[in-house]
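> So that you can map any letter, position 560 of the sequence shown is 1219 in my numbering, and since no number is skipped, the others follow by simple counting.
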Amino acid sequence: MAIWHFYPLVFGLIFYACHSKTTTSPQEALFQSIEASYSGIDFSNDLDVEESFNIIEYLYFYNGGGIAVGDINNDGLLDLYFSSNQKPNKLYLNKGNLQFEDITEKAGVASLGPWKTGVSMVDINGDGLLDIYVCRVSGYKGLQGKNELYINNGDLTFTESAGLYGLDFQGFSTHAAFFDYDGDGDLDMYLLNHGVHTERSFGRAALRYIDDGFAGDKLYRNNLEKGELKFTPVTNEAGIFSSQVGYGLGIGIADLNKDGWPDIYVSNDFNENDYLYINQKDGTFKENIASSLAYSSRFSMGNDLADINNDGLIDIITLDMLPEDEKTQKMSIGEDPYEIYKLKLNFGYERQASRNMLHLNNGDGTFSEIAQLAGVHATDWSWAVLLADFDNDGFKDIFISNGINRRPNDVDYINFITASKSLDQIKNLELARKMPEGAVTNYLFKNSGNLQFELVSNAWGISKKTISNGAVYADLDNDGDLDLIVNHINQKAEIFKNQTKEMKEGQKTNFLKIRFSGNNFNAFGIGNKVIAFSGGQQIYQENFTSRGFQSSLAPEIHLGLGEIRELDSLFVIWTDQSFQKLEKVRADQTLVLSQVDAKGEFKFPKEAKQVNWQIQGAGQTGLDFEHEEDDYNDFNLEPLIPHKLSREGPASLAFDYNGDGLEDVFLGGSSGQQAHIFLQNKKGRFQLFCPQALSQDADLEDIAVVWEDFDGDDLPDLIVGRGGNIPNSTGNSFSKIYKNLGNGELEQGISLPIDPNLQVAKLLPVDFDQDGQLDLFVGGRNMAGRYGEIPRSYILKNTGNGQFEDWTEIWAPDIQYCGMVKDAVWADLNQDGRNELIVVGEWMSVKVFGFEKNQLTDQTQSFGIENSEGWWNTVLVHDVDHNGFPDLILGNLGKNTRLKSNPSNPLKMWVKDLDNNGSLDQVIAYPLDHQYFTLANRDELVKRLPSLKKDFVRNSDFAGKTVEQIFSRISLQGSYYFEAGEFASQVWLNKNGKFEKNDLPVQAQFSPIQALHVEDLDGDGHLDLITGGNLIETAPYFGGYLGSWGNLFKGDGKGNFTPFQAGSLGISGQIQHILPIRVKEENWMLFVRNNDKTVILKFDQ
């Protein structure tokens, strides 16, 4: 020990020397932690936990401190400022070679006393020197003080001047962001504040309109352009919410819609929505979260805004608390119970889920949430997120800081305090100790391209369990790569030196650093944009500094360029929209660009649509239909099913109802809503007509429909297949045939001869025995209220006059129990002159039934498509590769899901009446490390199977247990057993009767595909693809699948599809059908949505 203490400096020199090598061994990590004994960074955010002040008293006790990085003396080296919640803050001057000097006392920026939170470096007065703004919590539990502004005197000293500038706010501040929101040339301030739990914290969303002096966010306008060193509060007139329900934990600024003006994203904890403020360019903002994002994080924490896929659009990532670790996940509070979730929606809140969210900018004002597809949705108790190119390969990677001293969301802890009758007799510190500890590793993800991220924490040198909060990146040693700086709790802050440029692979990569010299009052070019072009590719970045949770970056831009050694061009756009264009820009240098050299006015070119369409409103078409679901909750009867089966309508059909040669439209109703028939007139308008027979059956849920002549009177008849998932005790099926009376009316419906509890998914007419009368295939979706019991499917023989008999056992015994059918289609796959029946469904392979003598038999194996179990929703047949054989396009669950499986490690389900009470229990399990774990948590299983309670008294007894361990006493033997190993939506190319399987593009994997249509949209002679989908009413574990807004994909005639440029249709909700109709020589598409209005698009010819 004595020898160790004698040589700290010698060790430090040796330690740093290993980082100065030109090459490193292949095993050496990308990041190397620098010892405090060498760097001089000995700051530690140490917390003194007291009986009077702790996590019981203050829920954000462990939110930690931030970091600000910037060059305070303009010497070209970036300096560091750390905030401490209770102890003095620290300012460190960069001396070079990753060594720093503590100048806090001399500088006068210690900010004594609790409770400090976010910190920023900003040139607030336009003198070319970075000042420091410190946020505080005060006016709560004895905490005192005001936010502080330290003005840089130019001699490494600072003068506190918050009161002079009108920024000495007193309340619950989290962080501040500085930006020029009104375009007047100076930097304004958004102050992010958080609430604390009071009786006013809970209630309807309208609470957000009630201002709160301490908790609500604030917007301050800088009056520097008027010659005043003063900020004016403009919160209300600017349209900013400032209420008790706003638990602001993250703030991000970016130009999200590329209109030249900065927008705002605010992450809110708890019930309140995140806020997405779109700048209206007149000093006001419009909050737009409901129309732009389909989902947001429930306990939304840090965020970052940057372009992750180099398409020139800013994307959004937000953090939450979903653990990756199986045991921790099962011990933590998960999603709200379904009824609570619905209550929040009814209270006016938007959809939320407890996981990280990655919102991909579609370029039309909408974002697709893809965190689960990208693999970044579960990173535990996460605080800071940084999108930056750490390996200089040209794509932004992701760093996430993690950890909390004590986990207050532990289920056993919550159960304890809920059940305790003497909480007031338990001391706070004793109560806090009942929470589990929560130190975890930080996360690093490498951007692998194609919207995929690879977890590389260990490989890149981030492997230690810590409690980390604020974090920033900066090139501290000016070697051309980004170092990491992390503020921990109860241990020294860390600098992680980036060794990219020293590593062999890293020497192939290049960078470009850009600093700014602005005019007037924005000397560091805050809000500037940079676009680098090379070989048809672009890298886009914006110079906003509020990032990294309670932290701020240096006001400069670092671009990783990969192997690009010279850029074709570089555009720099200043906040007044003047710009510079540099050509043939050499890599591996630092540019200092001056605003005096900028000219003109930059306009972002609008992305040209390759396919054009117009929305046809209900007022101009007469097609005014909104599907309205009832309130039936499947989960009350079957709490363990993965999603509702009662929400799969409406049925839809384009048909000529009245024989006038014009296409009319059938749109089915839900339970309590009658079906609608819209008759087209010669002017291209539609008029509603409701036959009496359908009105009489308005209580039934319309799922499938066909219109053919079944009784041989030369008048087509209507058959409607019903669902709804409500057990039927009448003895007759709700699926009925309605004969055409020839006078515009239909005969009263006659039940089909099928099981009364069968929920029908598909109806297909077919003259099975070629007797001139149409028979009927009926695809069984499920048995009402008995998910997992294999439903029957039928071949019904038409015996004349529209009467049917069940001939399935005679004609097609293999079809009877083929699976949970979702869709089916007839097609001649092998071109032998007779059609095969292709059937798809949930928990089943794609199946093909072909004719063999006089029977329809299972020929799946002969087509080579066995073992394709998935959650298939729909199938479309077309020859997309022009080889004369029909191909299959298949809509599946998609890859944007918590369920990760493959054919070797499939998702599994056992279904059985496990407690002999007459109802089925579903045990769904997912693979992890070659073992299987239940999707349901302890409380969900115990509620369904009370006998398990004595085996697992606490959640800690249950967490981490496999299916075999949980059901060691309750046997799963004799269960219906299912697997699903393929969730990708695909195109199967038919090669002379054998199929070549290919995944559809990643954009088609954002959500379940429910609807498909092919058409040559761009006139090149090849079929293009239109997709629609989403699945809203899922079990709380999943959250809704809402990543799609409807998409267009260009076909190349060889079976390949790629996204059309600007090919997102911007249609929200759950699209069940895409219905093409012809109206006055125009092609219209009806996008029929569940529980929503039908959207009509007219595509240009």
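Glycine is no exception: its CB is placed at the ideal position from the N, C-alpha and C atoms.
Please classify Leu672 as buried or exposed, where buried requires at least 16 other C-beta atoms within 10 Å of its C-beta.
Per-residue confidence for Leu672 stands at a pLDDT of 31, beneath the threshold of 50, marking its modelled position as unreliable; no derived number is given.
> Asn1416 to Ser1107, Cα distance in whole Å?
Their backbone Cα atoms lie some 48 Å apart in a straight line.
> I'd like to check one pair, Asp922 with Ser959: are the Cβ atoms closer than 9 Å?
No.
> Please name the residue or residues paired with Ala727 in a DSSP beta bridge.
DSSP, once it has assigned bridges, lists Tyr740, Ser1211 as partnering Ala727.
> Give the single residue among Val1324, Ala1098, Phe900 whose Cα lies nearest to the Cα of Leu1763.
The chain is shown from 660 up to 1760; residue 1763 falls before or after that span and cannot be answered.
> Buried or exposed: Ala1267, going by 16 or more other Cβ atoms within 10 Å of its Cβ?
Ala1267 should be labelled exposed.
> Which of the three DSSP states, helix, strand or coil, is assigned to Asn1614?
In the structure shown, Asn1614 sits in a helix (DSSP, three-state: H, G or I).
> Can you give me the start and stop residues for the beta strand (DSSP E) that Arg1748 sits inside?
1741-1749 is the extent of the beta strand (DSSP E) around Arg1748.
> Using a Cβ distance threshold of 8 Å, determine whether the region 800-814 contacts the region 755-762, with at least three qualifying pairs required.
With the cut-off at 8 Å, the region 800-814 and the region 755-762 do not touch.
> Please return the same chain residues whose Cβ sits closer than 7 Å to the Cβ of Pro1386, not counting the five positions on each side in sequence.
Excluding sequence neighbours, Pro1386 sits near Asn1416, Ala1443, Gly1444.
> Which residue or residues does DSSP assign as beta-bridge partners of Leu1558?
Bridge partners of Leu1558: none, in fact.
> Keeping to the same chain, check which residues put their C-beta closer than 7 Å to that of Arg1224; ignore five residues upstream and five downstream.
Only Asn1169, Ala1246 meet the Cβ criterion.
> Can you pull the DSSP bridge partners for Pro1095?
Paired residues: none, contrary to the question.
> Count the other C-beta atoms from every protein chain shown that fall within 10 angstroms of the C-beta of Cys794, then say buried if there are 16 or more, exposed otherwise.
Cys794 is buried by the Cβ-count criterion.
> Where do the N-terminal and C-terminal ends of the alpha helix (DSSP H) with Leu1600 fall, by residue?
Taken as a continuous stretch (DSSP letters only), the alpha helix (DSSP H) holding Leu1600 covers 1597-1603.
> Only counting the same chain, and skipping five residues up and downstream in sequence, which positions put a Cβ closer than 8 Å to that of Asp790?
Cβ within range, chain order: Met780, Val781, Asp782, Ile783, Asn784, Leu808, Tyr809, Ile810, Asn811, Phe817.
> Using 10 angstroms around the beta-carbon of Arg1493, count the other beta-carbons present and answer buried if the total reaches 16, otherwise exposed.
Exposed, by the Cβ-count rule.
> Mind checking whether Ile1396 and Leu1377 have CB atoms under 9 Å apart?
Result yes, Cβ atoms of Ile1396 and Leu1377 sit closer than 9 Å.
> So, helix, strand or coil for Gly1439, using DSSP?
In this structure, Gly1439 counts as strand in the three-state DSSP scheme.
> Would you mind giving the Cβ-Cβ distance between Val1673 and Leu1535, rounded to the nearest angstrom? I have them listed as a contact below 8 Å.
Indeed, because the Cβ distance is near 7 Å, the residues count as touching under 8 Å.
> Identify whether Thr833 lies in helix, strand or coil by the three-state DSSP scheme.
Thr833 falls in the strand class under three-state DSSP.
> Have a look at the DSSP bridge pairing and note the partners of Tyr1316.
Tyr1316 pairs with nothing; no bridge assigned.
> Taking only the alpha-carbon atoms, compute the straight-line gap between Asp659 and Phe690 and give it to the nearest angstrom.
The requested residue 659 does not occur in the structure, where the chain is confined to residues 660 to 1760.
> Going by CA-CA distance only, name the one from Leu718, Asn753, Glu1599 that's closest to Leu908.
When each option's Cα is compared against that of Leu908, the closest is Leu718.
> Between Asn1555, Phe1522, Phe1436, which lies nearest to Lys1481 when the distance is taken from Cα to Cα?
For the residues Asn1555, Phe1522, Phe1436, the minimum Cα distance to Lys1481 belongs to Phe1436.
> Could you check the C-alpha separation between Pro1450 and Tyr721 for me, to the nearest Å?
C-alpha separation (whole angstroms): 52 Å.
> According to DSSP, simplified to helix, strand and coil, what is Gly1278?
Three-state result, Gly1278: helix.
> Go ahead and pull the three-state DSSP assignment for Tyr1591.
Strand.
> Among the residues of its own chain, which have a CB less than 7 Å from the CB of Asn947, if the five just before and after it don't count?
Answer for Asn947: Leu935, Ile937, listed in chain order.
> Below 7 Å CB to CB, which residues in the same chain sit around Pro892 once its five sequence neighbours on both sides are set aside?
Answer for Pro892: Lys877, Tyr879, listed in chain order.
> The alpha helix (DSSP H) spanning Thr763 covers which residue range?
763-766 is the extent of the alpha helix (DSSP H) around Thr763.
> Look up Met1479 in the DSSP assignment and give the residues it is bridged to.
Partner(s): Glu1501.
> Taking 9 Å as the CB-CB cut-off, is Ile1144 touching chain C?
The chain labelled as chain C is not found in the depicted structure, where only one protein chain is given.
> Have a look at Glu1404 and Asp1372 and give me their C-alpha separation to the nearest angstrom.
Computed Cα separation, rounded: 15 Å.
> Going along the chain, which unbroken runs of the beta strand (DSSP E) with 3 or more residues stay wholly within the region 1177-1203?
Listed in chain order, they are 1188-1193, 1196-1201.
> At a cut of 8 Å, does the region 1564-1571 reach the region 1585-1599 through at least three beta carbon pairs?
Yes: the two stretches touch, three or more of their Cβ pairs being nearer than 8 Å.
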